[in-house]
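Enquirer: Sharing a structure below in structure tokens format, with a few things to ask.
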């Protein structure tokens with residue numbers, strides 16, 4: 154069987170901050186319907202790559218193709234509108250809005266008109282009902298539906314992280330960039346998040362590109378792992394291939410010095 158075409162392809166993507174080359178000819182593909190993890194030591198350039206994909210930073214060279222369309226140097230709102238969602242290390246919630254309203258705000262990312270405040274056509278009530286149902290379904294999956302009327306600022310750190318992920322998912326992105334989602338989670342919420350990431354693929358048909366330092370999580374849920382060191386891809390393969398690689402050990406432990 155011929156493998157599916159990549160949903161995202163980076164080829165020779167570079168970006169420099171002054172004399173520092175934070176991304177150096179980065180090249181890798183993300184296949185649809187799975188989880189690809191981007192790993193590497195601190196300062197390897199992982200978040201820089203996410204910022205380039207999502208339009209926060211421009212690519213100084215190279216190409217990025219998403220769903221068959223070139224997106225390098227496109228503005229963030231256009232990239233989001235094409236179906237790329239992103240979560241961040243720090244939860245981003247509106248603390249003075251309800252938990253439910255926080256999720257419903259995410260529907261703006263796909264151009265929904267249910268939040269129109271000036272012109273309300275006859276379908277408005279139906280749109281709001283549908284949006285509420287979609288949002289409550291996600292809140293239920295994250296164990297937050299019972300708190301949907303509370304202000305988001307009252308949630309714990311882990312609950313706010315789940316809420317910010319739910320807000321990204323409600324727009325139904327076909328590709329989700331997740332930047333270290335397990336940071337600050339206890340074992341119970343880590344297990345729950347891992348299960349939810351698997352469900353994103355199996356139930357919602359999404360594709361995930363994950364930055365993660367928790368190697369046990371990476372190796373257990375990824376179909377593909379890309380190791381980035383000093384801005385460059387040094388190995389790209391299955392979890393088993395990357396785990397067994399000497400390059401992987403050297404990246405995290407350093408090269409063994411000869412006597």
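Residue numbers (this note's numbering): 154 to 412. Note that beta-carbon positions come from the ideal geometry of N, C-alpha and C, so glycine has one too.
Pick out whichever of 183, 170 and 226 has its Cα sitting closest to the Cα of residue 156.
Expert: The shortest C-alpha separation from residue 156 is found at 183.
Enquirer: Determine the extent of the alpha helix (DSSP H) in which residue 355 is found, giving its start and end residues.
Expert: Element bounds for residue 355: 340–355.
Enquirer: Using DSSP's beta-bridge definition, name the partner residues of residue 239.
Expert: DSSP, once it has assigned bridges, lists 330 as partnering residue 239.
Enquirer: Compute the distance between the beta-carbons of residue 319 and residue 246, then report whether it is under 8 Å.
Expert: Against a cut-off of 8 Å, the Cβ pair of residue 246 and residue 319 comes out as no contact.
Enquirer: Under DSSP, the beta strand (DSSP E) around residue 382 begins and ends at which residues?
Expert: First-last of the beta strand (DSSP E) with residue 382: 377–382.
Enquirer: By alpha-carbon positions, which one of 254, 307 and 294 ends up nearest to residue 281?
Expert: Among 254, 307 and 294, the Cα nearest to that of residue 281 belongs to 254.
Enquirer: From residue 194 to residue 228, what does the alpha carbon distance come to, in whole angstroms?
Expert: The alpha-carbon atoms of residue 194 and residue 228 are separated by roughly 29 Å.
Enquirer: From residue 176 to residue 347, what does the alpha carbon distance come to, in whole angstroms?
Expert: Answer to the nearest angstrom: the Cα atoms are 28 Å apart.
Enquirer: With DSSP as the reference, label residue 250 as helix, strand or coil.
Expert: Three-state result, residue 250: coil.
Enquirer: State the Cα-Cα distance for the pair residue 400 and residue 351, rounded to the nearest angstrom.
Expert: Cα to Cα, residue 400 sits roughly 28 Å from residue 351.
Enquirer: Could you tell me the alpha carbon to alpha carbon distance between residue 389 and residue 278, rounded to whole angstroms?
Expert: Approximately 48 Å, taken between the alpha carbons.
Enquirer: Please name the residue, chosen from 235, 163, 223 and 236, that lies closest to residue 202 on a Cα-to-Cα basis.
Expert: With distances taken between Cα atoms, residue 202 lies closest to 163.
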